[in-house]
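Let me begin by presenting the structure, written as structure tokens, before commenting on it.
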Amino acid sequence: MVMPAWHLRDYHDDDLDQAIQIWDQSRLADEHRVFPVSEVMAAAKAGQTAVVAVVGDQLVGMAVAQAFGRRGWILLVALASRWRERGIGSALLAEVERRLRALGVRHVSALLPAGAAGTKALENSGYRFRDDLTYYEKTEPPGTADADALAALGGRILPDGLWDAMAGMEREKEIIERRVVLPLTEPTLADRYGVAPPKAIILFGPPGTGKTSFAKAVASRLGWPFVELFPSRLAADTSEGLAVALREAFADLAELDSVLLFIDEVEEIAGARSGKAVDPGHGVTNELLKLIPVFREHDARLLACATNSVRSLDAAFLRPGRFDYVIPIGPPNPTARAAIWARYLRTCADSVDVGQLVGASELFTPADIEFAARKGAQGAFEREVTQRQGRAATTEDSGRPATTEDYLSAIADTRPTLSTRMIEEFAEDIDTYSRL
Ligand SMILES: Nc1ncnc2c1ncn2[C@@H]1O[C@H](COP(=O)(O)OP(=O)(O)O)[C@@H](O)[C@H]1O
Ligand SMILES: [Mg+2]
Numbered sequence: 002m003v004m005p006a007w008h009l010r011d012y013h014d015d016d017l018d019q020a021i022q023i024w025d026q027s028r029l030a031d032e033h034r035v036f037p038v039s040e041v042m043a044a045a046k047a048g049q050t051a052v053v054a055v056v057g058d059q060l061v062g063m064a065v066a067q068a069f070g071r072r073g074w075i076l077l078v079a080l081a082s083r084w085r086e087r088g089i090g091s092a093l094l095a096e097v098e099r100r101l102r103a104l105g106v107r108h109v110s111a112l113l114p115a116g117a118a119g120t121k122a123l124e125n126s127g128y129r130f131r132d133d134l135t136y137y138e139k140t141e142p143p144g145t146a147d148a149d150a151l152a153a154l155g156g157r158i159l160p161d162g163l164w165d166a167m168a169g170m171e172r173e174k175e176i177i178e179r180r181v182v183l184p185l186t187e188p189t190l191a192d193r194y195g196v197a198p199p200k201a202i203i204l205f206g207p208p209g210t211g212k213t214s215f216a217k218a219v220a221s222r223l224g225w226p227f228v229e230l231f232p233s234r235l236a237a238d239t240s241e242g243l244a245v246a247l248r249e250a251f252a253d254l255a256e257l258d259s260v261l262l263f264i265d266e267v268e269e270i271a272g273a274r275s276g277k278a279v280d281p282g283h284g285v286t287n288e289l290l291k292l293i294p295v296f297r298e299h300d301a302r303l304l305a306c307a308t309n310s311v312r313s314l315d316a317a318f319l320r321p322g323r324f325d326y327v328i329p330i331g332p333p334n335p336t337a338r339a340a341i342w343a344r345y346l347r348t349c350a351d352s353v354d355v356g357q358l359v360g361a362s363e364l365f366t367p368a369d370i371e372f373a374a375r376k377g378a379q380g381a382f383e384r385e386v387t388q389r390q391g392r393a394a395t396t397e398d399s400g401r402p403a404t405t406e407d408y409l410s411a412i413a414d415t416r417p418t419l420s421t422r423m424i425e426e427f428a429e430d431i432d433t434y435s436r437l
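Counting in the working numbering, the final residue of the sequence shown is number 437, and the numbers go up one at a time with none missing.
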């Protein structure tokens, strides 16, 4: 059978569909491709260095290159499977090289998956195979692609390690790890067991117990951007205006591949509606109730809402279907307090009786402990400076860290956030509201 003749021409935008089809014919290359479709197509669109081979109006081959100064890179050589071994690959390469030369390129390199359709053509066109090179790559965490969109939303990628930095709180950590983090980091496994990845959670508990820290720690574990929505900063004079601003804030998230959206003190916008026709909070609560189901439709999104007052949330807000889990973040128990003290004592952990501090800081939240630890260290530092009275530090001075007494007096000077009344109420809230 005589094959009809092929010829080369410039790549046009209309060729896109056929080009992708040809590329897809080589599954192998597809799995290991170095340059993603979007990058190759961007280069094809941008320059004079994309050439296709056609038979009639059928596209049978394509080569794309890009010039960087005197260096040119072949990004793609693809051939329709029926049209291999006919010299089309070499012809495409020769044409692309000619165009690269015209742009000042003197050295052409190609980086193709091993065994890709184009490797034969390269070998036939005088390219030297180099098996002494190793290819390295690094991919930014998802969501960073659009750094501008993220910055516009006031979002950021948080550092690694925030999860490990959460001291104690073993019970909370275990629940959040199992229910929230693992289904999102192990989606295939979760799917096999029929576990739906969580889309929205509420963290509730007294102030300073670590709700914000946990939300950030989850974003850090997932490698997702963290965006905090501040209802008070949504510019609006009226409740309708606020509802619109809220809707726009949610719509802006569409630009991100993945995101953990955090709303602190959510009772401010989802507080119980009074039932009065003119209740100013009404429209906003309704708007948020409508936005959550839409938010839930997207993958790689997690809404985390925090509240100190779960009992003042609107009942409709808490109904199943909107939030997957309603998780209590409680006051630290003695073990957790010991871990938190140890974390903040750092250098002088050996010289201080942590057990005494734990006993003396019973109604303390992690935030209170952080504050008292700082105060204790500051007290010791000031004493040292006073005693030294202007003398410069010598190595002998370095052996006097803060003592147990320094910390005990700092504790005595710190007003605990918690009260027995709050702890009782929290226990009631756990019974009434928590959903794990
Ligand atoms: N488990 C913890 N270990 C160490 N420090 C903690 C822990 N939980 C909270 N903190 C510290 O306490 C402070 C208050 O925590 P935060 O997350 O803002 O509490 P909340 O959001 O519940 O009010 C933060 O400075 C945080 O670093
Ligand atoms: Mg907080």
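Backbone N, C-alpha and C define an ideal beta-carbon position, used for all residues, glycine too.
Query: Alpha carbon of Leu163 to alpha carbon of Val219, nearest angstrom; Result: 8 Å
Query: Neighbourhood of Ser310 by C-beta distance below 6 Å, restricted to the same chain and skipping five residues each side; Result: Glu268
Query: Contacting residues, own chain, Cβ-Cβ under 7 Å from Asn125 (five flanking each side not counted); Result: Ser91
Query: Cβ-Cβ distance between Val327 and Tyr408 below 8 Å; Result: no
Query: Whole-Å CB distance - Trp74 paired with Ser110, under 8 Å assumed; Result: 6 Å
Query: Identified DSSP bridge partners for Phe227; Result: Arg157 and Leu261
Query: CB of Pro199 within 8 Å of CB of Pro184, strictly; Result: yes
Query: Residue from Gly70, Pro232 and Tyr12 with nearest C-alpha to Met42; Result: Tyr12
Query: Beta-carbon spacing of Pro160, Ser221 below 8 Å; Result: yes
Query: By C-beta, the residues closer than 6 Å to any heavy atom of ligand 2, given in chain order; Result: Lys212, Thr213, Asp265 and Ala307
Query: Residue burial classification, Gln59 (beta-carbon count within 10 angstroms, cutoff 16); Result: exposed
Query: As assigned by DSSP and simplified to three states, the class of Pro188; Result: helix
Query: Start-to-end residues for the alpha helix (DSSP H) that takes in Tyr128; Result: Segment: none, Tyr128 is in no alpha helix (DSSP H) and carries neither H nor E.
Query: Test item: CB-CB of Ser226 and Thr366 under 8 Å; Result: Reading the sequence as shown, one finds Pro at residue 226 and not Ser. No; because the gap between Cβ atoms is not below 8 Å, this pair is not in contact.
Query: Which of helix, strand or coil DSSP assigns to Val61; Result: strand
Query: Secondary structure of Thr239, DSSP reduced to three states; Result: coil
Query: Coil, strand or helix - Phe438 by DSSP; Result: The question about residue 438 has no answer, for the chain in this structure spans 2 to 437.
Query: CB-CB length for Leu204 against Lys212, believed under 8 Å; Result: 4 Å
Query: Contact check, Leu93 vs Ala64, beta carbons under 8 Å; Result: yes
Query: Opposing strand residues paired with Asp11 [DSSP bridges]; Result: Val52
Query: Beta-carbon proximity of Ser240 to Val285, cut-off 8 Å; Result: yes
Query: Ala1 Cβ short of 7 Å to ligand 1 heavy atom set; Result: In the structure as shown, the chain begins at 2 and stops at 437. Residue 1 is therefore absent and cannot be evaluated.
Query: Inside the region 277-326 only - beta strand (DSSP E) runs reaching at least 3 residues; Result: 302-308
Query: Near ligand 3: Met423 beta-carbon under 7 Å from a heavy atom; Result: Summarising the ligand content, the structure contains ligand 1 and ligand 2 and does not contain ligand 3.
Query: Proximal residues to Ala350 (C-beta, below 6 Å), its chain only, five neighbours per side dropped; Result: Ala343
Query: Near ligand 1: Ala373 beta-carbon under 7 Å from a heavy atom; Result: no
Query: Reduced DSSP secondary structure (H/G/I, E/B, other) of Leu112; Result: coil
Query: Exposed unless 16 or more other CB atoms sit within 10 angstroms - verdict on Lys174; Result: buried
Query: Reference Phe130, options Leu112, Tyr137 and Gly272, closest by Cα; Result: Leu112
Query: Where Phe440 falls: helix, strand or coil (DSSP); Result: Residue 440 cannot be examined here, being either before or after the span of the chain that is shown, 2 to 437.
Query: Segment contact, 8 Å Cβ cut-off, at least three pairs: the region 293-308 with the region 166-180; Result: no
Query: C-beta atoms of Ile370 and Thr210 nearer than 8 Å; Result: no
Query: beta-carbon Gly380 near ligand 1 non-hydrogen atom, thresh 7 Å; Result: no
Query: Span of the alpha helix (DSSP H) around Leu163; Result: Leu163 to Ala166
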